[in-house]
Amino acid sequence: MDTALLFDNAVVLLPELVLAVGVMVLMMVDIGRRGQNGSQLLAGLSVAILLLGIGASVMIWGRAPVEYLDGAISDGFALSVRLVILIAGVLGVLLSRNWFPAIERQGGAFYSLHLLAVIGMMLMGTATNLIVLFIALEIFSLALYILSGFYRENARSIEAAMKYFLLGAFASTFFVYGCALLYGAGGSSKFTQIHETLATGGGNPSLVLPGIALLLVGFGFKVSLVPFHMWTPDVYQGAPTPVTAFMSVGTKAAAFAGFFRLMMTALPSFHDQWAMPLAILAVLTMTVGNLTALRQSSVKRMLAYSGIAHAGNILIALVAGTAAASSAAAFYLFAYAFMNIGAFTVTIALERQYGNENDVEQSRLAGAAERFPVLAAAMAIFMLSLSGIPPLAGFFGKFLVFKAAVEAGWAWLVVIGVLNSAVSAYYYLRIVVAMYFQQPEQAGDEKEQPFVPASRSSVFVVVVSVLAVVVIGLQPGLWADLLRGLGQ
Amino acid sequence: MASDYLPLLILILLAAGFGVIAIGLPTLLGPRERNNQKLEPYESGIIPFSDARRRFPVKYYLVAMLFLIFDIEVIFLYPWAAVLRDLRLFALVAMIPFFIVLVVGFLYEWKKGALDWD
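Chains as they are written, first to last, in this note's numbering: chain A, 1135 to 1622; chain B, 131 to 248.
Structure (structure tokens):
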């Protein structure tokens, strides 16, 4: 084979390469540092590497899509998802800094794994090949298993890591079996080749549906669709909150990106057959997620179930299966990144106020607006945006997805989605009501606790998230043009 | 199509049959004496002096894990070496980043003290 093949179009993977080199530099700096106090340097270095990655993505933005070695493509959709993941990565690193003691000792391991997870997620969005898709899935999954158990002093964190690892490994086996069946059906591991073979009557079409079913288990687990969602609340609650914030956005963006590209470029000719099962899953996911979120007393568990419900909303776009729907999904994920990470950041700040537990009970939020007016205001904005109230970012995410679905003829699904949004408003607004209109139960005790200032980096994350949620909401057209779907 | 898998089916039947015969026949035909000597874990070996389920240093786990990682990487090199003659420079260049990553990982574990026993 020609050696030039290795370098032709390698620019497709430029952001991933920048991060991969960055991870190795980070590890070398980590073993070179003296004593215990270099972890701030490592955090700064990680942010710098991620910003370089964003720079690299911007550099290849707007070029004609090219493919690298039949495995990765640089189209608008890949770049949009990459941007979401890189932003989630930067915000995640900023939150992790100072968060827990282990990061002082093992900052190098933490930040390297964090960046490796980002690489895997980005790769998932660009993969045009079953093998690359599976490897990308494993890269970010393995990193996240370890990250979610990084708060080793906390038994729940260990439990979360164990649960996530065992169930995740199980889901991966389904996934790889699905890949094998699709390979058998299409005679190739390349998405477009599978489509061509099957569309021209070749291959072995009887293997397609079993293959989709098995892949659905793998993807469904990663994006937490009902009935593969059981791990979500436990892992989100147990994992260190900065990790939860990062992975709730990053995993969703990555897995949905891979899912969209696979279904829409490898199996569009089977759309009639996979659309209805996915529509049913979307209904189940939204409904179960929202109804269960109503009954949660912990903020992190509530956000976990809200994440499940949002996965159902994004799935509606995949059911529609049009180019417009995929760009709507990219927009949704972009908006979701800011509002969800913002909500988790406020949770982190409140955790500090209430004694560094890895979680906040909703009952403790009563009267929070009086003690922490800024945090409460930010939380209110994130909650309103998550429930989809205009003119915030979350509303336009939902609007675009629902619009694309109606245009594709899925009006009944959209009706259920809108009804679910109404249900979700109840538990999001309950937090706002608790913060602003309720009195704390033991006013005396709460007042005596000294005010713990939030760390500067989490203040920064809150400010950026609030600004983003408002600006995206006020100027949705700008961002909707920027973020591309498949085949656009 | 399906007949391609016939040898596989025969192999499975043979393997299963061998297992059934090897375990089944002695059970049916062999004499059985349930005395103390026969019920020892090792009939003519050393008499067991403690429980087999005991605690051992968790360091073995680390060593086993590191071994596994590098073992798999070396296994990857064998097929590479076998096709190197055909792929020529392509495979050689493609292997360089792999080796850099490997060396970085090795340096990291070394400097982090994963190889120190104490």
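Beta carbons: idealized from backbone N, C-alpha and C, even for Gly. In this text the structure is predicted, and so the values were computed from the model without any measurement.
Proximity of the segment 1454-1474 of chain A to the segment 1383-1394 of chain A meets the contact definition, three or more beta-carbon pairs being nearer than 8 Å. Boundaries of the alpha helix (DSSP H) around residue 1505/A: 1502-1505. Under the 8 Å criterion on CB atoms, residue 238/B is classed as interfacial with respect to chain A. Within 7 Å of the CB of residue 219/B, the CB atoms of chain A belong to 1137, in sequence order along the chain. Assigned with DSSP and collapsed to three states, residue 1206/A falls in strand.
Residue contact check for residue 224/B against chain A: a CB pair falls below 8 Å. In chain order, 1480, 1483, 1484, 1502, 1588 and 1596 place their CB closer than 8 Å to the CB of residue 1509/A, counting only its own chain and leaving out the 5 sequence neighbours on each side. What residue 242/B touches in chain A, judged by beta-carbon distance under 7 Å, is 1165, going in chain order. If you look at residue 1363/A, you'll find it isn't in any alpha helix (DSSP H); DSSP assigns it neither H nor E.
A distance below 6 Å between beta-carbons, with the five flanking residues on each side excluded, links residue 1607/A to the following residues of its chain, in chain order: 1525, 1526 and 1527. DSSP assignment within the segment 1251-1328 of chain A yields the following whole alpha helix (DSSP H) runs of 4 residues or more, N-terminal first: 1264-1282 and 1289-1320. Excluding residues up to 5 positions away in sequence, 1204 and 1263 lie with their Cβ nearer than 6 Å to the Cβ of residue 1324/A in the same chain.
In the structure shown, the three-state DSSP call for residue 1495/A is strand. Residue 1140/A belongs to the set of residues whose beta carbon lies under 8 Å from a beta carbon in chain B.
Taken residue by residue, none of the segment 1497-1529 of chain A has a beta-carbon sitting less than 8 Å from a beta-carbon on chain B. By the CB criterion at 8 Å, residue 1261/A and residue 1441/A fall outside the cutoff. Legend: CB atoms of the segment 1145-1158 of chain A lying less than 7 Å from CB atoms of chain B belong to residues 1158.
For residue 1569/A and residue 1376/A, the gap between their C-alpha atoms comes out near 22 Å. Fewer than three pairs of CB atoms, one per stretch, sit closer than 8 Å, so the segment 1337-1356 of chain A makes no contact with the segment 1278-1297 of chain A. Boundaries of the alpha helix (DSSP H) harbouring residue 1406/A: 1405-1427, taken from the DSSP string. Taking a C-beta distance under 8 Å as the contact criterion, residue 1300/A and residue 1359/A do not qualify as a contact pair.
Not a single CB atom of chain B sits nearer than 8 Å to the CB of residue 1410/A. Inclusion of residue 1603/A and residue 1516/A in the CB contact set at 8 Å is warranted, their separation being smaller than that value. Taking a beta-carbon distance threshold of 8 Å, residue 234/B counts as an interface residue toward chain A.
Residue-level contact check: residue 1256/A does not touch chain B, since none of the beta carbons of chain B fall below 8 Å from its beta carbon.
For residue 1622/A, there is no enclosing alpha helix (DSSP H), since its DSSP letter is neither H nor E.
The segment 1446-1459 of chain A makes no contact with the segment 1556-1566 of chain A: fewer than 3 CB pairs, one atom from each, lie closer than 8 Å. If you draw a straight line from the Cα of residue 1151/A to the Cα of residue 134/B, it comes to about 44 Å.
Taking a contact to require three or more Cβ pairs closer than 8 Å, the segment 1428-1441 of chain A and the segment 1486-1506 of chain A qualify as touching.
The Cβ of residue 1162/A sits closer than 8 Å to at least one Cβ of chain B. Closest in C-alpha terms to residue 245/B, from the list 197/B, 149/B, 152/B and 167/B, comes 197/B. The way I'd put it, the segment 227-247 of chain B does touch the segment 1151-1162 of chain A; three or more beta-carbon pairs between them come closer than 8 Å.
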